[in-house]
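Working notes for the structure below.
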Amino acid sequence: MLYAAIVIAFALPAARDTQFLGKDPHGPLAQVRAGRLGEPGDDACRTWGTRGQTWLALDALGRVVGEATVTELERYDYTNCDELTLRGKQGAGIFVRGRYTPLRLEAWRPSRTARAALGDLIAKRDAKVRRGRLSNRRKDLPLDARLIVFRTPSGARYAVAGGRALSILRFDGKGWKEEHRELPIADEQSPSVERFMPVAVLDMDGDGSFDVVVHHKENEGEWYGDGTITRSKRGWMTISAGIFGSTA
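Quick note: the sequence shown, position 101, residue 100 per numbering that gives the first Met the number 0, numbers continuous.
Shown next as structure tokens:
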């Protein structure tokens, strides 16, 4: 009950907007300004986060699991961005600062038949995805390692399945309907089997519809970072994060 109270009232005087930090490397993921969800500002990766600053840690269904404090800032020369280290509760690796209310999503376990149908659908999807020379030799991750399955407050049942591609699917009681799919970019030389990894499902702007945070790994993990997929009047769209990392 303690964190339920914090969620409703948590609004620091210095943060007019709601800010979200992405998965490692921790840095600006998205922001809500005047009720609208959008990309962080151009200078966000140099102005968000100071030592001693407190953020709320969120789990894979957007629930608050505790607090974390910024303990280190490391400037990455290539991007000129500060990569943050947070100590405390980690949840799914996503953090929020500002006004935020969870959507009350619930974990859902599909029936054996529905789960098998989902596995078949994703296997067929992955077989059609263009593969690079390196990734063609790597086996796909087990579906459970790249899957978030949940039920919305209205009772709608969804799955977000990542891997070589990403799908947002709804179960209508008889079968799965794919609402959205993302594929590697056309000129990517070696898409990873972990190209799209769903991290969390949450309602960032409080509009009653869920958003999907996705961790991207490009060119066999050489480049990595997060993005947010959100529903708009035109369908699903992607919001780019304000920070990315490299192992090169």
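All residues carry an ideal CB built from backbone N, CA and C; glycine is no exception.
For residue i and residue j, which I take to be in contact (beta-carbon distance under 8 Å), what is that distance rounded to the nearest angstrom?
i    : j    : result
G61  : L28  : Incorrect: roughly 13 Å between the Cβ atoms, too far for contact.
D139 : D125 : 6 Å
G226 : I238 : 7 Å
I93  : G48  : That pair is no contact at about 14 Å.
Is DSSP giving residue i helix, strand or coil here?
i    : result
L102 : coil
D125 : helix
F9   : Confidence in F9 is poor, its pLDDT being 44 and thus under 50, which makes the residue's placement unreliable; the coordinate value appears in the next sentence. Reduced to three states, the DSSP call for F9 is coil.
A113 : helix
T270 : Residue 270 lies beyond the range of the chain shown here (0 to 247); nothing can be said about it.
G97  : coil
G162 : strand
R62  : coil
L57  : strand
L182 : coil
L20  : strand
A43  : helix
R86  : strand
R137 : coil
R108 : coil
R194 : coil
R145 : helix
G26  : coil
G37  : strand
S245 : strand
G48  : coil
A4   : Below a pLDDT of 50, predicted positions are generally treated as unreliable, and A4, at 41, falls in that range; no measurement from the model is reported.
G118 : helix
Looking only at DSSP bridge pairs, what is residue i linked to?
i    : result
C80  : Y75
I238 : T227
D210 : L201
D168 : It should be noted that the sequence gives Leu, not Asp, for residue 168. A158 and E177.
E217 : W222
R32  : R35
R150 : E105 and R156
Which residue from the options puts its Cα closest to that of residue i?
i    : options                   : result
V200 : E221, R98, D58 and P190   : D58
M236 : V31, T53, P152 and L36    : L36
L280 : Q30, V212, Y223 and M203  : Residue 280 lies beyond the stretch modelled for the chain, which goes from 0 to 247, so this question has no answer here.
A67  : A155, D119 and T84        : T84
S153 : S208, C80 and H215        : S208
A43  : L55, V64, D23 and F19     : F19
K123 : Y157, A164, R108 and E105 : A164
K88  : L55, F195, V128 and E73   : L55
D143 : R86, A115 and G224        : A115
A155 : L140, P141, S166 and D171 : D171
I167 : Q52, D210 and R111        : D210
A258 : A185, V198, I228 and T229 : For residue 258 there is no data in the structure shown, the boundaries of the chain being 0 and 247.
Y157 : H214, R108, R98 and S231  : R108
M203 : R98, R169, E221 and K173  : R98
A113 : I93, W175 and W47         : W175
Short check: CB of residue i to CB of residue j, under 8 Å?
i    : j    : result
T100 : G205 : yes
R96  : T70  : no
G241 : P24  : no
F243 : T78  : yes
E217 : E178 : no
A162 : V192 : Checking the sequence shown, residue 162 turns out to be Gly, not Ala. In contact: G162 and V192 (Cβ atoms closer than 8 Å).
V31  : T17  : yes
R45  : D81  : yes
R111 : P190 : no
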